[in-house]
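For reference, the structure is listed below as structure tokens.
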Amino acid sequence: MESITALVACAAAFALSYYIGYYVATNTTVAAMMGGVSGLVFAVMFFIMTVAIGMLVPDTFDPRQLGIHFIILLPLTPIGSAIVAVSAHRHLERLEARRLPF
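Position one of the sequence shown corresponds to residue 2 (the working numbering), numbered consecutively onward.
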């Protein structure tokens, strides 16, 4: 159960980072910073929501596994999200460069 929720949080962070990099960011540095922040926010939201659900519905999550998944998500999700946002922004820059007349 913990693994599934961690994968959902990671996928949501990557999807938001792709959107940020493709539609919102003005340059590569901004895309990297905003992607990293979105990854960090989703990692913290994962922890807060699973702890709250675990307190409301006992024996839903294993606390040890929850902590291990949070420790893994905390550094990796912001880094991965920043990479996704930068990649999406660079892809957009390449597409726009092809449209130039020269």
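No residue lacks a Cβ here, since even glycine has one placed at the ideal position from N, Cα and C.
Note that this is a predicted model, so its numbers are computed, not measured.
Beta-carbon proximity check, residue i vs residue j, cutoff 8 Å
i	j	result
T27	V87	no
H90	A7	no
T78	F62	no
Through-space distance from residue j to residue i, alpha-carbon basis
i	j	result
F71	P102	49 Å
V15	S82	The identity of residue 15 in the sequence shown is Phe, whereas the question assumes Val. Near 5 Å, if we compare the C-alpha coordinates of S82 and F15.
A53	S18	25 Å
S39	R100	30 Å
G68	V85	25 Å
I21	V42	14 Å
S4	L57	19 Å
H92	V25	14 Å
R95	Q66	42 Å
M2	P64	11 Å
CB contact below 8 Å: residue i versus chain D
i	result
F15	Any reference to chain D falls outside this structure, which holds one protein chain only.
Own chain partners of residue i with C-beta closer than 7 Å, once the 5 adjacent residues on each side are dropped
i	result
L74	A7, A10, C11, A44 and F47
Residues near residue i in its chain [Cβ-Cβ closer than 8 Å; skip 5 each side]
i	result
I80	G37 and G40
Close Cβ partners of residue i (< 6 Å) along its chain, the five nearest in sequence each way excluded
i	result
G55	T61 and F62
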